[in-house]
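One structure is given below, encoded as C-alpha cells.
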Amino acid sequence: MSGGIAIDTAYLVEQLKALLAIDSPTGFTDTVVRHCTEELERLGLTPELTRRGAIRAVRQGSRREGARSVVAHLDTLGAQVKLVKPNGRLDLVPIGNWSARFAEGARANIYSEDRHFRGGILPLKASGHTYNDEIDTQPVGWTNLELRVDERTTSYEETRALGIDVGDIVAIDPQPEFLDSGFIVSRHLDDKAGAAITLATIEALERTGARTPVDIHFLFTIAEEVGTGATAIVAPEVASMVTVDNGTSAPGQNSSEFGVTVAMADQTGPFDYHLTKKLVELCRENEIDFQKDVFRFYRSDSASAVEAGHDVRTALVAFGVDASHGYERVHEHALHSIARLLTAYVTSPLEIQRDVEEISDMEGFTEQPTADRDD
Numbered sequence: 208m209s210g211g212i213a214i215d216t217a218y219l220v221e222q223l224k225a226l227l228a229i230d231s232p233t234g235f236t237d238t239v240v241r242h243c244t245e246e247l248e249r250l251g252l253t254p255e256l257t258r259r260g261a262i263r264a265v266r267q268g269s270r271r272e273g274a275r276s277v278v279a280h281l282d283t284l285g286a287q288v289k290l291v292k293p294n295g296r297l298d299l300v301p302i303g304n305w306s307a308r309f310a311e312g313a314r315a316n317i318y319s320e321d322r323h324f325r326g327g328i329l330p331l332k333a334s335g336h337t338y339n340d341e342i343d344t345q346p347v348g349w350t351n352l353e354l355r356v357d358e359r360t361t362s363y364e365e366t367r368a369l370g371i372d373v374g375d376i377v378a379i380d381p382q383p384e385f386l387d388s389g390f391i392v393s394r395h396l397d398d399k400a401g402a403a404i405t406l407a408t409i410e411a412l413e414r415t416g417a418r419t420p421v422d423i424h425f426l427f428t429i430a431e432e433v434g435t436g437a438t439a440i441v442a443p444e445v446a447s448m449v450t451v452d453n454g455t456s457a458p459g460q461n462s463s464e465f466g467v468t469v470a471m472a473d474q475t476g477p478f479d480y481h482l483t484k485k486l487v488e489l490c491r492e493n494e495i496d497f498q499k500d501v502f503r504f505y506r507s508d509s510a511s512a513v514e515a516g517h518d519v520r521t522a523l524v525a526f527g528v529d530a531s532h533g534y535e536r537v538h539e540h541a542l543h544s545i546a547r548l549l550t551a552y553v554t555s556p557l558e559i560q561r562d563v564e565e566i567s568d569m570e571g572f573t574e575q576p577t578a579d580r581d582d
C-alpha cells in the first residue's frame, strides 16, 4: 500500500455498526439524521439541515467557488402498511424497489403513531404441515406476503385497537454480521456503508489537518431509495459531485467486493468523462485496487442532482455488494479502499480551473482525446 492519508478502519466499522442499528427507511429518517449530525459536530464540522433533514457539512478549503461534493444516503429500503386484514395481519407495500423474495422471513419493527411493535414477514402459505407442496409453488410478490404482528391479535379490530393503521412504517431488521475474515453481511449496506465511508474520510481529514484546494461539501441525503436524494441539497458553488453507493457484484457485472468500483455509467447515461478519469488516475497513483463497471438498472444521488437541474460533474464510486437490495455482503477492503480514494480526491489539485465559474466562455474548456494513436 502506498502513502497518503491513513484511514482508521476501526472507526469506519464502528460507525457502520452504529448506523445499521438505527432504523431509517425512506420517510422515517429523523433518528439517523440526528446521529449523523452529532457525529459530524464531534468531528469538528458545522452541519446544516434542510427542512426534511438532508445534511450539508462544509469543510473549508482554499476557495469557496468550484467546490467539490461527496454524497451518501442515509435512507434504506423498507415497507408500509397497506391494509389491516380481517385476520389481524398486515398487507405491505415496499418502500423503494426491492423484491418480496427478500422480505420473506424478515423480522421487522412496525412504527405506529406513538409506539412500535415487533413482527415477522411471512408468505401467505407459510406452514408445510398445512399446505404441503403449495408452500413451494405459491407466487413470489408483495401481494403474497403478510406481516404477522407479535401481539395478541387475530382480527382487524384487535390490531386496530393496538394503534396500528394504514401507512405505518415497517423497518426491516438488518441482522448484521461482522466476520473475522473481513466480510460484512447485512441488509442496508446500501447505503449505510457509504455513509460510514464518508464519515471515515472526514475523520481522516480532520485528524491529519489536511488542506484542500476548494471547499468540500459532505452531503447526506434521506430519499435516495425513492429517487429524489440529492435534488435539493446541492449548493450553487459545487462544481463536482462524487457519490458513494453500492455496486452490483454479480454475473455479467465487473464490480467486486474488494477495491473501488468506478462506475462509468448507469441507467441515466455516462458519468462525467473528466471526473471519472481523474478518479481512475488517483487509484493508479495511490496504488488503490479498482475496477470499472456499467450499471444498467441503477441510479444514485448523482442522477437525482443532475435531473434536478444542478450543473455539476458527477461520478460514482461503489463498494461491490453481493446480492444488492437483498442479503447483502461486502468486504472491509472495499470500504477502506474507497475512503482512501476520497481523501486523495478531495486533497488533489483543481485541474479544470474554469469550473470555479458557473458560466464562462471557451477559454480553458476541456478536451477529450480524438487523435489517432501513434504507430
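Counting in the numbering used here, the sequence shown runs from 208 upward without gaps. All residues carry an ideal CB built from backbone N, CA and C; glycine is no exception.
Where Ile342 is concerned, there is no enclosing beta strand (DSSP E), although the alpha helix (DSSP H) around it starts and stops at 341 to 344.
Beyond the five residues adjoining it in sequence on each side, Leu557 comes within less than 8 Å, by CB distance, of Gly273, Pro420, Val421, Val563 in the same chain, given in chain order. Annotation: Lys485 to His280 spans about 23 Å, alpha carbon to alpha carbon. A contact is defined here as three or more CB-CB pairs under 8 Å, and the stretch 461 to 477 meets this definition with respect to the stretch 488 to 504.
The beta carbon of Thr366 lies closer than 7 Å to those of Val291, Gly295, Val356, Thr360 in the same chain, with the five residues before and after it left out.
With fewer than 16 neighbouring CB atoms inside 10 Å of its own CB, Asn304 falls in the exposed class.
Its chain contains Asn461, Val469, Met471 as the residues whose beta carbon lies nearer than 7 Å to that of Lys499, once the 5 sequence neighbours on both sides are disregarded; these appear in chain order.
Cβ atoms of Ala411 and Asp215 come within 8 Å of each other, at about 7 Å. Here the C-alpha atom of Val347 lies approximately 18 Å from the C-alpha atom of Ile379. As DSSP reads the structure, Leu256 sits in a beta bridge with Ile262. Residue burial is scored here from C-beta neighbours: Gln222 has at least 16 other C-beta atoms within 10 angstroms and is therefore classed as buried. Distance from the CA atom of Glu514 to the CA atom of Gly434, rounded to whole angstroms, is 10 Å. With fewer than 16 other Cβ atoms from the protein chains shown falling within 10 Å of its own Cβ, Ala213 counts as exposed. Per the C-alpha coordinates, the member of Asp579, Phe235, Arg547, Val528 positioned closest to Leu396 is Val528. Per DSSP, the continuous beta strand (DSSP E) segment holding Leu299 begins and ends at 297 to 302. Counting C-beta pairs with one atom in each stretch, the stretch 339 to 353 and the stretch 252 to 263 have fewer than three that are closer than 8 Å, which means they do not touch.
By the neighbour-count criterion, in which 16 or more other beta carbons inside 10 Å mark a residue as buried, Ser447 falls on the buried side.
Per DSSP, the continuous beta strand (DSSP E) segment holding Thr468 begins and ends at 467 to 473. The alpha helix (DSSP H) runs lying completely inside the stretch 315 to 392 and spanning 4 residues or more are 335 to 338, 341 to 344, 363 to 369, given in chain order.
For the 8 Å CB-CB criterion, Gly285 and Ile376 form a contact.
Nearest C-alpha to Gly466 among Thr350, Ala442, Phe526, His424: Phe526. DSSP places His424 in the strand class (E or B) of the three-state scheme.
The bridge partners DSSP lists for Arg561 come to none.
Gly533 is bridged by DSSP to nothing; it lacks a bridge partner. CA-CA distance, Gly251 to Met569, rounds to 40 Å. Between the alpha carbons of Gly533 and Ile409 lies a gap of roughly 29 Å. The Cβ atoms of Ile495 and Val524 lie no closer than 8 Å to each other. Ala402 is positioned such that its CB atom lies no closer than 8 Å to that of Leu227. Spatial neighbours of Asp508 in its own chain (CB-CB distance under 8 Å, excluding positions within 5 residues in sequence) are listed in chain order as Val278, Ala279, His280, Leu426, Thr428, Glu431, Gly436, Ala437, Met448, Thr450, Asp452.
Between Leu297 and Glu353, the C-beta gap is smaller than 8 Å, which places the two residues in contact. Taking Arg547 as the centre and dropping the five residues before and after it, the same chain places the C-beta of Gly211, Ile214, Asn493, Ile495 closer than 7 Å to its C-beta, in chain order. Residue pairing for Thr283: DSSP places it in a beta bridge opposite Pro232.
Inclusion of Glu535 and Arg394 in the CB contact set at 8 Å is warranted, their separation being smaller than that value. Looking at the DSSP output, Thr455 bridges to Val528. For Lys499, the uninterrupted beta strand (DSSP E) run begins and ends at 497 to 501, by DSSP.
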